[in-house]
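Right, one structure below, let's go through it.
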Amino acid sequence: MIIKPLCAILSIGSVFALRADLPPAAGITPVKVAETPGYCEGIVFDRAGSGYVSDTQHDTIYRVAPDGTVVKWANVKAPNGHRVLPDGTHLVAAAEAVIHLSADGTVLDRAATTSDGVPLVEPNDIALDPAGGFYFTDPHGSTAARPVGTVHYTDPRGTTHTIATGLAYSNGVVLRSDGRTLLVGESEHNRILSYEVVAPGRLGERRVFATLPSKTGDQIANAPDGMALDEDGNLFVAHYGMRTVQVLSADGRLLRSYPAGNLTASNVAFGGAAMDQLYVTGALGDEQTSRGALWRLDLKGVRGQRLLPPMK
Numbered sequence: 308m309i310i311k312p313l314c315a316i317l318s319i320g321s322v323f324a325l326r327a328d329l330p331p332a333a334g335i336t337p338v339k340v341a342e343t344p345g346y347c348e349g350i351v352f353d354r355a356g357s358g359y360v361s362d363t364q365h366d367t368i369y370r371v372a373p374d375g376t377v378v379k380w381a382n383v384k385a386p387n388g389h390r391v392l393p394d395g396t397h398l399v400a401a402a403e404a405v406i407h408l409s410a411d412g413t414v415l416d417r418a419a420t421t422s423d424g425v426p427l428v429e430p431n432d433i434a435l436d437p438a439g440g441f442y443f444t445d446p447h448g449s450t451a452a453r454p455v456g457t458v459h460y461t462d463p464r465g466t467t468h469t470i471a472t473g474l475a476y477s478n479g480v481v482l483r484s485d486g487r488t489l490l491v492g493e494s495e496h497n498r499i500l501s502y503e504v505v506a507p508g509r510l511g512e513r514r515v516f517a518t519l520p521s522k523t524g525d526q527i528a529n530a531p532d533g534m535a536l537d538e539d540g541n542l543f544v545a546h547y548g549m550r551t552v553q554v555l556s557a558d559g560r561l562l563r564s565y566p567a568g569n570l571t572a573s574n575v576a577f578g579g580a581a582m583d584q585l586y587v588t589g590a591l592g593d594e595q596t597s598r599g600a601l602w603r604l605d606l607k608g609v610r611g612q613r614l615l616p617p618m619k
């Protein structure tokens with residue numbers, strides 16, 4: 308599968324041009340938008356403003372209309388991270404593959420099933436590349452004691468290579484808008500890693516971008532999950548088990564800890580007409596037993612990095 312380049316969509320080199328004041332955490336109250344039968348992941352938005360959430364336990368992707376109406380959109384085995392492509396089709400990280408779907412949820416093909424000839428196990432999250440390829444993580448059961456998590460790159464011709472190994476649960480992944488830095492959540496070490504991108508699909512130096520706060524009180528884990536960037540280069544991290552979205556500056560400093568709504572917050576994405584609303588997926592409580600939910604944080608003045616042009 309060939310993905311059209313995103314160069315005309317992303318504002319290359321302008322990510323740090325403007326600064327907006329982050330609202331104080333005390334002024335943010337999560338608003339519940341919708342619930343799903345099970346723990347949900349992978350929030351993304353299409354040009355019409357509809358959101359898509361992955362109910363991983365029920366092999367279902369739901370579409371959430373701007374008014375909060377939830378309808379079943381597609382059946383995919385263990386869907387997780389999700390991206391909408393410039394042509395309106397979708398990529399979904401799922402069991403054993405990254406799946407390519409049409410705008411109506413029909414499976415078109417498998418965009419990635421192996422990496423350097425080795426079968427994928429559980430692709431987790433996806434970041435689109437301005438050059439026309441995409442990055443994705445595959446933690447495949449890794450732990451702190453058994454760090455076998457990986458990061459992969461599928462080029463515009465559809466060839467997939469392994470570009471990072473030895474991670475203790477590789478999870479959320481985002482590419483900065485200049486294409487020069489890949490950020491990866493390493494859940495079992497409660498930290499975000501930063502990789503220099505030498506060329507599309509080629510990583511250079513790795514460093515620890517930030518170590519996140521540890522759990523306290525009734526928080527049940529401290530595992531960074533899905534992530535999103537705002538126009539100022541701040542990184543918003545769904546902090547699984549902590550009912551929190553952590554906000555990190557462009558140089559890795561902790562700026563804010565916002566309430567997430569969900570205890571097991573799993574992913575975040577900016578949406579709304581002005582891109583100033585942060586949406587959070589996950590489950591209300593424990594991932595295995597609680598219903599999933601989508602929450603909205605209204606961040607007036609803070610705009611997310613736009614990944615798709617608005618509808619004309």
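Heads up, the sequence shown is in my numbering, so the first residue is 308 and it goes up one at a time.
Here a beta-carbon is modelled for each residue, glycine too, at the ideal position from N, C-alpha and C.
Query: Report all residues from its chain with a CB closer than 8 Å to the CB of residue 519; omit the five preceding and five following residues, and keep chain order.; Result: 497, 498, 499, 529, 531, 544, 546, 553 and 561
Query: Whose C-beta lies closer than 6 Å to the C-beta of residue 467 among residues of the same chain, with five residues either side of it excluded?; Result: 419, 422, 459 and 461
Query: Leaving out the 5 sequence neighbours to the left and right, which residues in its chain are closer than 6 Å to residue 377 when beta-carbon positions are compared?; Result: 341, 369 and 371
Query: Would you decide whether residue 445 is buried or exposed? Buried here means 16 or more other CB atoms lie within 10 Å of its CB.; Result: buried
Query: Tell me, to the nearest whole angstrom, how far the beta carbon of residue 347 is from that of residue 573; I am working on the premise that it is less than 8 Å.; Result: 7 Å
Query: Would you report the Cα separation of residue 515 and residue 354, rounded to the nearest angstrom?; Result: 34 Å
Query: Answer with buried or exposed for residue 430, where buried requires no fewer than 16 other C-beta atoms within 10 angstroms of its C-beta.; Result: buried
Query: Could you give the C-beta distance for residue 590 and residue 569, rounded to a whole number, given that I count them as a contact under 8 Å?; Result: 6 Å
Query: With respect to the beta strand (DSSP E) encompassing residue 382, which residues constitute its N-terminal and C-terminal limits?; Result: 377-382
Query: Under a three-way DSSP split, which group does residue 320 fall into?; Result: Note that residue 320 scores 37 on pLDDT, short of 50, meaning its location in the model is unreliable; the coordinates nonetheless yield the value given after this. Three-state result, residue 320: coil.
Query: Give the straight-line distance between the Cα atoms of residue 604 and residue 328, rounded to the nearest whole angstrom.; Result: 15 Å
Query: Starting from the Cα of residue 527, find the closest Cα among 556, 592, 394 and 539 and give me that residue.; Result: 592
Query: Just tell me which of 586, 524 and 424 has its CA closest to the CA of residue 375.; Result: 586
Query: Are residue 382 and residue 400 closer than 7 Å when you measure CB to CB?; Result: no
Query: With the cut-off set at 7 Å, would you say residue 439 and residue 449 are in Cβ contact?; Result: no
Query: So, under 8 Å CB-CB, residue 606 and residue 358 are touching, yes? Tell me the CB distance rounded to an integer number of Å.; Result: The Cβ separation is near 16 Å, so there is no contact.
Query: Helix, strand or coil: which one does DSSP assign to residue 521?; Result: coil
Query: Go through its chain and collect everything with a Cβ distance to residue 567's Cβ below 6 Å, but skip five positions before and after it.; Result: 550, 551, 552 and 587
Query: To the nearest angstrom, how far is it from the Cα of residue 397 to the Cα of residue 352?; Result: 10 Å
Query: Please go through the same chain and pick out, in chain order, the residues whose beta-carbon is closer than 8 Å to the beta-carbon of residue 319, but skip the five residues on each side of it.; Result: Low local confidence applies: a pLDDT of 34 at residue 319 is under 50, so the model's placement there is unreliable, and no value is given.
Query: With 16 other CB atoms within 10 Å as the buried threshold, where does residue 558 fall?; Result: exposed
Query: Which residues does DSSP list as the beta-bridge partners of residue 546?; Result: 531 and 551
Query: DSSP three-state call for residue 611: helix, strand or coil?; Result: strand
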